[in-house]
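See below for the structure under consideration.
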Amino acid sequence: MVVKKCGSPNRNESDALRHNLRSVCDLERRLGFPREKLREIAAAPESFYTSFLFSKAPRPFAREPFKPKVREIDCPIGALLEVQKRIYARLLRDLAWPNYICGGVRGRSILDNLRPHQGSTLVVTIDIKKWFPSITYQHVYFVWRAILGCSHKVAKLLTTLTTLNGHLPQGAPTSTALANLVLISIDAPIRTAAAALNVNYSSWVDDLPFSGSRARQVIPIVASTLKRRGFRISRSKLQVMNAGQRRTITGVIAGNKPSISKQHRDRIRAALHRLRVGDIREEDRRVYIATQKGRIAYLSRVNPGQARRLESELMRLTDTSHKIDE
Numbered sequence: 015m016v017v018k019k020c021g022s023p024n025r026n027e028s029d030a031l032r033h034n035l036r037s038v039c040d041l042e043r044r045l046g047f048p049r050e051k052l053r054e055i056a057a058a059p060e061s062f063y064t065s066f067l068f069s070k071a072p073r074p075f076a077r078e079p080f081k082p083k084v085r086e087i088d089c090p091i092g093a094l095l096e097v098q099k100r101i102y103a104r105l106l107r108d109l110a111w112p113n114y115i116c117g118g119v120r121g122r123s124i125l126d127n128l129r130p131h132q133g134s135t136l137v138v139t140i141d142i143k144k145w146f147p148s149i150t151y152q153h154v155y156f157v158w159r160a161i162l163g164c165s166h167k168v169a170k171l172l173t174t175l176t177t178l179n180g181h182l183p184q185g186a187p188t189s190t191a192l193a194n195l196v197l198i199s200i201d202a203p204i205r206t207a208a209a210a211l212n213v214n215y216s217s218w219v220d221d222l223p224f225s226g227s228r229a230r231q232v233i234p235i236v237a238s239t240l241k242r243r244g245f246r247i248s249r250s251k252l253q254v255m256n257a258g259q260r261r262t263i264t265g266v267i268a269g270n271k272p273s274i275s276k277q278h279r280d281r282i283r284a285a286l287h288r289l290r291v292g293d294i295r296e297e298d299r300r301v302y303i304a305t306q307k308g309r310i311a312y313l314s315r316v317n318p319g320q321a322r323r324l325e326s327e328l329m330r331l332t333d334t335s336h337k338i339d340e
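Note that the working numbering has the sequence shown beginning at 15, numbered continuously upward.
Here it is as structure tokens:
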């Protein structure tokens, strides 16, 4: 489905999100994990994480000084990682997601997020500032309790198992789905306003595109709605794109043939050049190649024609004859 203008979930879709897990015994059966072990992990969840700082490399051919943006990534390990994988697979992955939720939903792609906005005279994109770190224990508890219909004990246990130090961790397999559910739980005023203004609305995790001749009028409504729930929009990333301008939505250039930005393609070409001239340390080579495979696979999903030459070049440089993993 595209979107029903604002993409609001109907009553049947909302009901289909509910699990109605009433006891820890119900949760144990659903996850196939002993309740004693779940409680043991929940007693000290911070001991099941490893953290590292991640910052993007500077863009090739950049004209302005590079200001690294550092993110803290919290990756679950051991038994908690297995529990979170089961929570995602058995409680979150196959929910009846509203059609406007595109990012992190199985079977939906970046093009599904782009499609409702193609051909619009005006496109507005809004980014939620520090989305995951701003999602609190209370937000996640509300999702498990009120949206997914779990009892207090079950919701409390699941919240403890899927948050870290009071917020949603970046790097956990459950985090994107829970972030989507938090958005669903707070964005009713946005959906209502978009419908009234005849504006299309979709979401790609923390990126919210809007399109239509009155899309600009949605901006203050989005800002106030998020602020009431403890979130902010990133003013520096706010874009208002009129007809005649190049419209970029979540890194994809809208048009008859969607494309990745030239900067993204240049980044891949620069990376391949570094491989070609041997400018990568041997100990970094495996991770570096895997990163380029991911970038080319992403490009291939948007525009296969642009990806083929880069894919062939990377395979030649890495002496591999099999197709790049997608």
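Beta carbons: idealized from backbone N, C-alpha and C, even for Gly.
- Query: Anyone know if the C-beta pair for VAL157 and SER189 falls short of 8 Å?
  - Reply: In the sequence shown, residue 157 corresponds to position 143, counting from 1. In the sequence shown, residue 189 corresponds to position 175, counting from 1. No, they are not a contact pair.
- Apart from the five residues just before and just after ARG246, which ones in its own chain have a Cβ nearer than 6 Å to its Cβ? Taking the sequence shown and counting its residues from 1, the one referred to as residue 246 is at position 232. If we look at ARG246 and ignore the five residues flanking it on each side, its Cβ neighbours are LYS143.
- Could you check what DSSP says for HIS181 in three-state terms: helix, strand or coil? The count along the sequence shown starts at 1 and reaches residue 181 at position 167. If DSSP states are grouped into helix, strand and coil, HIS181 belongs with the strands.
- Drop a sphere of 10 angstroms on the beta-carbon of ARG205, count the other beta-carbons inside from all chains shown, and report buried for 16 or more, exposed for fewer. Position 191 of the sequence shown holds residue 205. Buried, by the Cβ-count rule.
- Message: By the three-class DSSP mapping on this structure, what secondary structure does ALA103 have?
- Response: Translated into positions along the sequence shown, residue 103 becomes position 89. Reduced to three states, the DSSP call for ALA103 is helix.
- First and last residue of the uninterrupted alpha helix (DSSP H) at VAL196: For this step, residue 196 is matched to residue 182 along the sequence shown. That run of the alpha helix (DSSP H) goes 189-200.
- Query: Between GLY319 and the rest of its own chain, which residues show a CB-CB distance below 7 Å, the 5 nearest in sequence each way excluded?
  - Reply: For the purposes of this step, residue 319 is taken as the residue at position 305 of the sequence shown. Excluding sequence neighbours, GLY319 sits near nothing in its chain.
- From what residue to what residue does the alpha helix (DSSP H) around ILE303 run? Position 289 of the sequence shown, counted from the first residue, corresponds to residue 303. 296-316 is the extent of the alpha helix (DSSP H) around ILE303.
- Local Cβ density within 10 Å of CYS116, reported as buried at 16 or more and exposed below that: What you label residue 116 is simply residue 102 of the sequence shown in a count that begins at 1. The residue is buried, with at least 16 neighbouring Cβ atoms inside 10 Å.
- Kindly indicate the opening and closing residues of the alpha helix (DSSP H) around ASP40. Taking the sequence shown and counting its residues from 1, the one referred to as residue 40 is at position 26. From DSSP, the alpha helix (DSSP H) with ASP40 extends over 38-45.
- Give the range of the beta strand (DSSP E) segment to which ASP141 is assigned. Along the sequence shown, read from residue 1 onward, the residue named residue 141 stands at position 127. Unbroken beta strand (DSSP E) run through ASP141: 136-141.
- Item | Extent of the continuous alpha helix (DSSP H) to which ASP108 belongs | Sequence index remark: in the sequence shown, residue 108 carries index 94 (1-based). Taken as a continuous stretch (DSSP letters only), ASP108 belongs to no alpha helix (DSSP H), as it is neither H nor E.
- Query: In chain order, what residues of the same chain have a beta carbon less than 7 Å from the beta carbon of GLN231, not counting five sequence neighbours either side?
  - Reply: Start at 1 with the first residue of the sequence shown, and residue 231 comes out as number 217. Same-chain partners within the cutoff: LEU211.
- Item | Through-space distance from HIS33 to LEU41, alpha-carbon basis | What you label residue 41 is simply residue 27 of the sequence shown in a count that begins at 1. What you label residue 33 is simply residue 19 of the sequence shown in a count that begins at 1. Rounded to whole angstroms, LEU41 to HIS33 spans 10 Å at the Cα level.
- Task: Take the Cβ of SER250 as the centre, count every other Cβ of all protein chains shown within 10 Å, and call the residue buried at 16 or more, exposed below.
- Result: Within the sequence shown, residue 250 is the residue found at index 236, counting from 1. By the 10 Å Cβ count, SER250 comes out exposed.
- Within 8 Å, strictly: CB atoms of ILE101 and LEU52: What you label residue 101 is simply residue 87 of the sequence shown in a count that begins at 1. What you label residue 52 is simply residue 38 of the sequence shown in a count that begins at 1. In this structure, LEU52 does not lie closer than 8 Å to ILE101 by Cβ.
- Item | Unbroken beta strand (DSSP E) run spanning ASP221, endpoints | Translated into the one-based positions of the sequence shown, residue 221 becomes position 207. Per DSSP, ASP221 belongs to the beta strand (DSSP E) from 221-225.
- Task: Check the C-beta distance from LEU107 over to ARG120 and give it rounded, since I have them as a contact under 8 Å.
- Result: Taking the first residue of the sequence shown as position 1, residue 107 is located at position 93. Taking the first residue of the sequence shown as position 1, residue 120 is located at position 106. For clarity, residue 107 is Arg in the given sequence; the question names Leu instead. About 6 Å separates the two Cβ atoms, so the contact holds.
- Tell me the DSSP bridge mates of MET255? One-based indexing of the sequence shown puts residue 255 at position 241. The partner list for MET255 (beta bridge, DSSP) reads VAL137.
- Do you know how far the Cα of SER238 is from the Cα of ARG295? Counted from its first residue, the sequence shown places residue 295 at position 281. Counted from its first residue, the sequence shown places residue 238 at position 224. Approximately 48 Å, taken between the alpha carbons.
- C-beta atoms of PHE62 and GLY92 nearer than 8 Å: The residue given as residue 62 occupies position 48 in the sequence shown. The residue given as residue 92 occupies position 78 in the sequence shown. The answer is yes: Cβ separation under 8 Å.
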